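The working numbering numbers the first residue of the sequence shown as 281 and each following residue consecutively. Note that CB positions come from ideal geometry on N, CA and C, so glycine has one too. In this text, all values refer to a predicted model and were calculated from it rather than measured experimentally.
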Amino acid sequence: MYKFVDTTERQEEQILPSEALNFNGVYFENVIPGYRTLYVSGREMIETEITDLDTEIMDGSRYRRKRYKPRTITVGYQLIAKSNAEFRNAYNKLNSLLDVAEAKLIFLDEPDKYYVGTKVNAGDVPHGRNAITAEIEFYCSDPFKYSVEEYEVAPTADDGTTFVVDYKGTYKAHPTFEAAMENGENGFVGFVDQDKHILQFGNIEEEDGETYKENETLATLQDFFNAPDDTSGTDFMHPFYGAKGSLGTSTWFNTKFLSLKSAGQQVGRANGGLRTIILPADSTGDQEGCQNFYSYFHILFYAGLMGQTGEMCINYLTADDKLIAGVNWYKSDMSGNTGHYDLVCYNPNKKSTDQQAGRVLKTYTYMTSHLRKQNPWYWNWGHCDLRKEGSKLTFFYNGSYPSFNIPEIADMKCAKIQIAIKQRGTRSGNKYLTYNGINAFYFQKLHVEKWRDVPNKFAQDCSLIANCSDGSIRMNGLPKPDLGALGNDWETFCLKPGVNQVQCLCSSWAKKPTFKMKYREVFL
C-alpha cells in the first residue's frame, strides 16, 4: 500500500513519497523546499489504436493491425512555502529543472524502470496562496518503459556461437550487437534470430587462400611510447617550432596517453617534444615505404580553463622528410575557448620562411569544452583517421569524411611518422591545455600483394557495433553504413518475451570474433 499524504499538513521529515519522481536524476523533494508528490496517473495502461477495414457487406469489420499511442503521465503535487518569495523561488527552480526535452522519468515505487518524457502542461496553479496543490503532465511520445539496467550477454550455446536470452520484458526490444576481431581478420559478420530474421555485414562471399591485397599494420602507439625524443630533429610541418623538449605519458580517464613532459628550450612560438619513427618493411620485405596507407588515431584535446593554449600534430613523411599529409590541432586563443583543426598536405611551393610547411586544405573551428556538440576531441569520442590512396586524401571530422585530390602526392611513399606535442610560447602550468595527448594509434600499409588471404572488411583488432533500434553501424567508433546489407531486417530483429536465440555468423575461414549483445528490457 502507498503511504497516505495529508495535503494540509507540512511534512517535516524528508522521507520521499512512494511515487516520488526522479526527473533526469533529481528528486524534486530533495532540491525544492516544500515540494511533495501526492499521486501519479497514466502509468498503468497504454491506449491502443486499432486499424480495421469496413467491408460494407459483412457484419462488423476486418481487423488489420494495432499500434500503441503516446502516453501522458500526470504527477500531482503540493507546494508549501513560508513566503511569497520562497513560493516564487520554488517555481523558478521547478521550471528550470523541467526545461529538458526527452528526460528520463523514474518513479520511486518502480526504481528499476524509466520512461522518456517531456513536460507539456503545468495545470492550473491556485492564485493568492503559498500552499497549493497542482499537476504536471509529461508527454511520452515513446509510450514504453525501459529497464534502468542495460544487460550485456555473451553467446554460450553451440560452442559459443549462439546467444540464449530469457527476456523478461513484456514488449519487444531491439538489441545492440558487437563483434570484436580479437583473433584475426574477418570478411563477414552476421546474426540470425529464431524467426530467421538476419543482419549481415561485410561480404559473405569473401574467400581466403588466393592471391590478394591486404592491409598491414606497420606501426602502433606503442612504437611512439618506445621511441626516444627527437631533440635534434625537426617538426616538418612546423620547421621553426622548437623540438628540444620531451614527451612522456599521462593517465587520464584510467587510460595511458602520450603527452607533453617538458617544453624544452624556447625556439619558436611553440615548443615541446617530438618523436619520429621509421616504418619497418612489410611482410614481403618492401622497405621503400607506403604509397597507399590508412591511419587511425584517438586524441584528447581539452581546455579546462578559458585561455589555455597548446598544440599537437601528426606528420606523414617520405624517406627524405617531405610532408605528404598531416593533421594539426591547436588552440592559440588566450582568452576564450576556441580551437582549430587543420587538414594538411604536401606544398610544392613551400618557401624556406614558411611557418607552416604544408598546404592547409581545410581548417575547422570548434570549442575545446567537454560537450560533444562543441568539441569532437573530448573523451571518449575523439576518434579520427586519415587515408591516402594514390592522389586522394580522405580525412575524418565530426561525422564527415572530407576528401581531396592532390596530384603531386600520387607517387609519394610514407616512410616516417612524427608526433609533436607543444605548448605555445612559455604558457605552461594552468595556461597549458588540461588534456592534450593521444591514446590510440595505428598505421596500415594498404593493398600489400601477398598469398595468404584476401582484403577483408574487418581488420584484426577492429570492432563492429550494430544497433537494431536505429539501424546504425560503427567500426572503431566511426560511422560505416556501407558495411550493412540492403535487406537487413532492422525493424523485425528484436527480442520477444520469453527465451530468445540468436546465432552469430562469420567467414568460414576466419577465427570466431568475440561477440556481445546489449539490450534493455521494454515494458508496456
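**Request:** For D515, count neighbouring C-beta atoms within 10 Å of its own C-beta (all shown protein chains included) and say buried if the count is 16 or more, exposed if not.
**Result:** Under this definition D515 is a buried residue.
**Request:** Out of L585, G544, A700, F520, point me to the one whose CA is closest to Y596's CA.
**Result:** Closest option to Y596, Cα to Cα, is A700.
**Message:** Please list the terminal residues of the continuous beta strand (DSSP E) segment that includes V469.
**Reply:** Unbroken beta strand (DSSP E) run through V469: 468-473.
**the segment 470-481 touching the segment 492-512, judged by at least three CB pairs closer than 8 Å** = Touching, no.
**Asked** Just how far apart, CA to CA, sit K693 and T598?
**Response** Computed Cα separation, rounded: 6 Å.
**Asked** Are Y419 and L804 touching if we call contact CB-CB under 9 Å?
**Response** Between Y419 and L804, the gap from beta carbon to beta carbon reaches 9 Å or more.
**Contact belief for N551 with K524 at Cβ below 8 Å, rounded distance in angstroms** = Contact flag correct, Cβ pair sits at about 7 Å.
**Asked** With a CB to CB cut of under 6 Å and the five nearest residues on each side skipped, what residues in its chain are close to S421?
**Response** Sequence-distant Cβ neighbours of S421 in its own chain, meaning closer than 6 Å and more than five residues away, are P350.
**Message:** I'd like to confirm the pairing. Which residues does DSSP put opposite T450 in its beta bridges?
**Reply:** Note: T450 sits in no beta bridge, so no partner.
**Prompt:** Which value, in whole angstroms, describes the spacing of the CA atoms of T531 and W659?
**Reply:** A straight line joining the alpha-carbon of T531 with that of W659 spans about 12 Å.
**Prompt:** In chain order, what residues of the same chain lie with their CB nearer than 6 Å to the CB of S363, ignoring the 5 residues before and after it?
**Reply:** For S363, where only same-chain residues beyond five positions count, there are no Cβ hits under 6 Å.
**Request:** List the DSSP bridge partners of P759.
**Result:** Per the DSSP secondary-structure output, P759 pairs in a beta bridge with R754.
**Request:** Check A300 in the structure and name its three-state DSSP category.
**Result:** Reduced to three states, the DSSP call for A300 is coil.
**Asked** In angstroms, rounded to a whole number, what distance separates the CA positions of N572 and K696?
**Response** Going from the Cα of N572 to the Cα of K696 covers about 14 Å.
**Message:** I need the straight-line Cα distance from T794 to G470, nearest angstrom please.
**Reply:** Going by C-alpha positions, T794 is about 13 Å away from G470.
**Asked** Leaving out five residues before and five after T335 in sequence, what residues of the same chain have Cβ atoms less than 8 Å from its Cβ?
**Response** Counting only Cβ-Cβ distances below 8 Å, and skipping sequence neighbours, we find S341, R342.
**Rounded C-alpha distance that separates I295 from T618** = C-alpha separation (whole angstroms): 46 Å.
**Cβ shell of R344 (< 7 Å), same chain only, five flanking positions each side left out** = Apart from the 5 residues on each side of it in sequence, R344 sits with its Cβ closer than 7 Å to the Cβ of T331, D332, L333 in its chain, given in chain order.
**Host beta strand (DSSP E) of L603 (start-end)** = Segment 603-611, the beta strand (DSSP E) holding L603.
**Request:** Would you list, in sequence order, the uninterrupted alpha helix (DSSP H) runs of no fewer than 4 residues that lie entirely inside the segment 515-553?
**Result:** Fully enclosed alpha helix (DSSP H) runs of 4 or longer: not present.
**Message:** Please list the terminal residues of the continuous beta strand (DSSP E) segment that includes A459.
**Reply:** Its beta strand (DSSP E) spans residues 456-460.
**Enclosing beta strand (DSSP E) for Y343 [first to last residue]** = Counting along the chain, the beta strand (DSSP E) containing Y343 begins and ends at 342-348.
**Item:** Burial state of S539, where buried means 16 or more other Cβ atoms lie within 10 Å
**Value:** With 16 or more other Cβ atoms within 10 Å, it is buried.
**Item:** Cβ distance (whole Å) where K776 is taken to contact Y447 below 8 Å
**Value:** Between Y447 and K776 the Cβ distance is about 7 Å, and since that is below 8 Å, they are a contact.
**Message:** How far does the beta strand (DSSP E) with F773 in it extend, from its first residue to its last?
**Reply:** Note, F773: premise wrong, no beta strand (DSSP E); not H, not E.
**Asked** Who does S427 pair with in a DSSP beta bridge?
**Response** Partner(s): K393.
**Message:** If we require 3 or more residues per run, which beta strand (DSSP E) segments fall completely within the segment 357-427?
**Reply:** Assignment of beta strand (DSSP E) within the segment 357-427, counting only whole runs of 3 or more residues, yields 383-387, 390-401, 411-420, 425-427 in chain order.
**Request:** Closer than 7 Å by C-beta to N627: which residues in its own chain qualify, once you throw out the five before and the five after it? Chain order, please.
**Result:** The answer, listed in chain order, is A637, G638, R639.
**Message:** Pop quiz: G522 and G548 are said to be a contact at Cβ under 8 Å. What is the actual Cβ separation, rounded to whole angstroms?
**Reply:** Confirmed, about 5 Å.
**Prompt:** In whole angstroms, what is the alpha-carbon distance linking D613 and H620?
**Reply:** Roughly 10 Å between the two C-alpha positions.
**Request:** Alpha carbon to alpha carbon, how far is G408 from E292? Give it in angstroms, no decimals.
**Result:** Its pLDDT being 46, under 50, E292 is placed unreliably by the model, and the measurement read from it follows with that caveat. When rounded, the distance between both Cα atoms is 23 Å.
**Message:** For A234, count the other beta carbons within 10 Å of its own beta carbon; 16 or more makes it buried, fewer makes it exposed. Which is it?
**Reply:** Residue 234 is absent from the model: the chain starts at 281 and stops at 804.
**Request:** Could you work out which residue in K702, F468, Y644, S649 is closest to P682 when comparing CA atoms only?
**Result:** Nearest C-alpha to P682 among K702, F468, Y644, S649: Y644.
**Request:** Mind reading off the beta-carbon distance from F537 to I353? Whole number of angstroms is fine, and I expect it under 8 Å.
**Result:** About 45 Å; that fails the 8 Å criterion.
**Prompt:** How about G464 and K791: do their beta carbons lie closer than 9 Å?
**Reply:** Remark: C-beta atoms of G464 and K791 approach each other more closely than 9 Å.
**Prompt:** Distance, Cα to Cα, T500 vs V306?
**Reply:** Each residue's Cα considered, the two are about 44 Å apart.
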